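The opening residue of the sequence shown carries number 1 in the UniProt record's numbering; numbering runs sequentially from there.
Notes to accompany the following structure.
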Amino acid sequence: MSKEIRFNEASALYIHIPFCLSKCPYCDFYSVEYDKKRVDLYWAALFQELESLIKSVDNKLLRSIYIGGGTPSLISGEKIFALLKKIRSSFQLPPTAEITIEANPLSLSEEKIIAYKRAGVNRISLGIQSFNNKFLDFLGRNSSREKNIDSIKLLKKYFSNYSLDLIFALPEQSGEEFKRDLEILSSFNPPHISLYNLEIHEQTPFYQRLEKGEFKLPADKIDAEMYNFAQNFFLKAGYNNYEISNFAKSGYRAQHNYLYWRYNSYLALGPGAAAFNGKIRYKNRADLNKYLKSFLADQKVEREINFLTKEDRMAEYCFLALRTRAGLSLHQFYLNFKEDFNNLYRDSVDKLKNKSLLAESNNRLYLTAKGKLLANEVFLVFLK
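Following this line, the structure appears as structure tokens:
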């Protein structure tokens with residue numbers, strides 16, 4: 001049983017769909033094998049958690065809904081329609097609200113694209129990861145260059161607002177191979193691109209394989225060269241690098257993650273999903289069986305609850321703001337926390353500026369080009 005946590009307001013809602021056809025060896029997000037009967041039961045459980053969540057929010061104005069996973073595109077349009085209908089009947093969504101669903105090329109059919117659009121989805125995030133069959137096989141994507149290209153073409157027929165994901169710094173990936181991925185990606189002129197270097201997380205098959213020496217990651221220097229090349233490539237193609245890993249054409253910045261980075265409150269549904277009310281962060285236990293048992297027993301979802309200190313919140317606010325091109329406003333920091341930023345962090349910030357990791361202008365701090373490559377080093381300063 002978990003205590004009800006109140007939300008004065010929340011700008012965003014994240015809904016976790018844990019089902020996958022197979023687990024990608026690099027992925028550390030919570031997922032389970034797809035099973036239709038469990039999906040049906042899960043949908044009923046989601047509605048029950050949603051009913052409880054509705055009662056916990058005072059100002060019910062949402063600017064973004066994000067359906068992530070897992071593989072949400074395994075879910076039928078009818079189920080997505082019913083879920084969004086319930087949310088719309090309980091929350092206010094302005095006409096500009098962003099409603100995103102993640103998709104995998106293998107499970108995204110034309111029928112589903114049409115059904116999602118009818119359900120109210122206005123943005124799709126498509127996990128491409130690579131156009132090179134060798135690397136798709138290494139990543140366990142069970143897709144192909146041709147399938148990825150066909151999925152993008154299909155998506156473009158119905159959606160003008162969509163995002164494509166790409167992974168780089170893969171083992172033995174040459175600069176020419178990476179450049180070719182960028183060229184194919186940009187040929188579709190997507191309004192939004194998310195670019196991630198391959199990170200190896202504990203408790204994943206890739207971590208075990210890396211420990212055994214089955215493959216090696218590129219040196220940090222190669223990783224940095226690829227990232228810098230991509231930055232310049234997308235800049236020339238008309239994209240704004242508005243956050244370390246994200247690039248957008250004008251008017252297509254992803255609202256959902258940007259609300260996170262600007263430290264807004266957000267709601268969550270589903271096992272493994274996390275919520276934040278401004279002072280408390282909780283995460284639903286990442287266990288589908290226990291989630292369904294709670295539903296069948298008419299009990300509240302089990303949660304890990306973290307009560308953040310003021311120091312925690314100030315540190316998080318700083319490094320999340322620094323992820324973005326807009327940077328960290330020292331004036332806004334004072335308005336939010338009634339603390340002088342310089343009294344708390346000036347010595348550390350000056351050291352980072354001397355190392356050319358941070359720049360300062362008009363009472364704002366920004367990551368430099370070098371700082372983006374060593375962002376974790378910068379962020380750790382605020383967490384100490």
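Glycine included, every Cβ here is placed at the ideal spot set by N, Cα and C.
Fair warning: this is a prediction, and the values are worked out from it, not measured in the lab.
- DSSP, read as helix, strand or coil, puts residue 349 in helix.
- Judged by pairs of C-beta atoms under 8 Å, the stretch 27 to 43 does not touch the stretch 212 to 228, as fewer than three such pairs exist.
- Annotation for residue 290: 271, 302 place their beta carbon closer than 8 Å to its own, counting only its chain and skipping 5 residues before and after.
- DSSP assignment within the stretch 48 to 125 yields the following whole alpha helix (DSSP H) runs of 4 residues or more, N-terminal first: 77 to 90, 110 to 119.
- Spatial neighbours of residue 161 in its own chain (CB-CB distance under 7 Å, excluding positions within 5 residues in sequence) are listed in chain order as 122, 123, 191, 252.
- The criterion of a C-beta distance shorter than 8 Å is not satisfied by residue 170 and residue 230.
- Within the DSSP secondary-structure output, residue 173 pairs in no beta bridge.
- A distance of 8 Å or more separates the beta carbons of residue 66 and residue 331.
- Residue pairing from DSSP leaves residue 317 without any beta-bridge partner.
- Three or more Cβ pairs closer than 8 Å define a contact, and the stretch 365 to 384 meets that threshold against the stretch 313 to 322.
- Under the DSSP assignment, residue 281 falls in the beta strand (DSSP E) whose first and last residues are 280 to 284.
- Going by DSSP, residue 167 is part of the beta strand (DSSP E) stretching over 162 to 168.
- Look at residue 200 here: in three-state DSSP terms it is coil, with no helix or strand label.
- Between residue 14 and residue 266 the beta-carbon gap is near 6 Å, inside 8 Å, which marks them as a contact.
- Cβ-Cβ separation between residue 69 and residue 20: approximately 7 Å, consistent with a contact (criterion under 8 Å).
- Around the C-beta of residue 254, 16 or more other C-beta atoms lie within 10 Å, and the residue is accordingly described as buried.
- When C-alpha distances from residue 371 are compared across 92, 365, 11, 358, the shortest belongs to 358.
- Contact check for residue 89 and residue 11: beta-carbon distance about 19 Å, past the 8 Å limit, so the pair fails to qualify.
- Going by beta carbons, residue 193 and residue 163 fall inside the 8 Å limit.
- Here DSSP, grouped into helix, strand and coil, assigns residue 187 to helix.
- Proximity to residue 147 across 130, 36, 345, 244 peaks at 130, based on C-alpha coordinates.
- Among the bridge pairs identified by DSSP, residue 365 is matched with 328, 360.
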